[in-house]
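> Structure in structure tokens, see below.
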Amino acid sequence: MVVFYRLTANREKPDEPEWIELAQAKIPLLLNYSQCKLLERDYYAAIEHCTEVLKYDRDCVKALFRRGKAHAGAWNFDRARADFQRCEQLDASLHDTRFLKLFFCFPHRFVHELTPSPAC
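Numbering follows this note's numbering, with no gaps: position 7 of the sequence shown is 252.
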């Protein structure tokens with residue numbers, strides 16, 4: 246009950262230090278959950294959670310990369326490309342990765358290598 250009150254009270258004041266602290270604490274949880282959703286191939290949920298992370302931290306490379314993977318899995322190649330390009334701008338070390346080269350050269354074939362097949 247106290248947690249619920251604290252959450253609702255903080256929603257009314259998004260510029261308060263408590264709200265900012267709570268938002269920062271949510272980021273790793275949302276990123277972990279988005280990775281779980283990617284592995285389950287629930288791409289729209291992954292997109293939603295990564296987008297929420299990006300509301301708090303516009304330059305979060307991990308959220309952009311995972312959202313790009315989710316967009317590719319949902320066949321939104323233009324949005325995936327935009328997220329991957331933003332990742333490259335923020336982290337130059339990603340420029341030469343096999344993953345991004347594969348996407349930029351063969352976006353439609355990329356989806357098959359996006360996530361491993363679920364275990365039987």
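Think of the CB as a built atom: it goes at the ideal place given N, C-alpha and C, for glycine as much as any other residue.
1. Counting only runs of 4+ residues fully inside the stretch 260-306, write out the alpha helix (DSSP H) ranges in chain order.
2. At which residues does the alpha helix (DSSP H) containing residue 325 begin and terminate?
3. Is residue 342 close to chain D, meaning its C-beta is less than 8 Å from at least one C-beta of that chain?
4. Just how far apart, CA to CA, sit residue 300 and residue 271?
5. Have a look at residue 263 and residue 295 and give me their C-alpha separation to the nearest angstrom.
6. Which residues in the same chain as residue 335 place their Cβ atom closer than 8 Å to its Cβ, once the five residues preceding and following it in sequence are excluded?
7. Distance, Cα to Cα, residue 311 vs residue 281?
8. Would DSSP call residue 340 helix, strand or coil?
9. As a quick exercise: from 313, 297, 318, 292, pick the residue whose alpha carbon is nearest that of residue 333.
10. For residue 316, which residues in the same chain have their Cβ closer than 8 Å to its Cβ, ignoring the five residues on either side in sequence?
Let's see:
1. Runs found: 262-284, 288-301.
2. What you label residue 325 is simply residue 80 of the sequence shown in a count that begins at 1. For residue 325, the enclosing alpha helix (DSSP H) stretches over residues 322-335.
3. Among the chains of the structure shown, chain D does not appear; only one protein chain is present.
4. Counting from one through the sequence shown, the residue named residue 300 turns up at place 55. Counting from one through the sequence shown, the residue named residue 271 turns up at place 26. Their backbone Cα atoms lie some 12 Å apart in a straight line.
5. Reading the sequence shown from its first residue, position 18 is the one you call residue 263. Reading the sequence shown from its first residue, position 50 is the one you call residue 295. Distance from the CA atom of residue 263 to the CA atom of residue 295, rounded to whole angstroms, is 22 Å.
6. Reading the sequence shown from its first residue, position 90 is the one you call residue 335. Answer for residue 335: 304, 306, 309, listed in chain order.
7. The sequence position of residue 311 within the sequence shown is 66, counting from 1. The sequence position of residue 281 within the sequence shown is 36, counting from 1. If you take the alpha carbons of residue 311 and residue 281, they lie about 11 Å apart.
8. The sequence position of residue 340 within the sequence shown is 95, counting from 1. Looking at residue 340 - three-state DSSP - the assignment turns out to be coil, as it is neither helix nor strand.
9. Translated into the one-based positions of the sequence shown, residue 333 becomes position 88. The shortest Cα separation from residue 333 among 313, 297, 318, 292 belongs to 313.
10. The residue you call residue 316 lines up with position 71 of the sequence shown. Spatial neighbours of residue 316 in its own chain (CB-CB distance under 8 Å, excluding positions within 5 residues in sequence) are listed in chain order as 288, 292, 322, 324, 325, 328.
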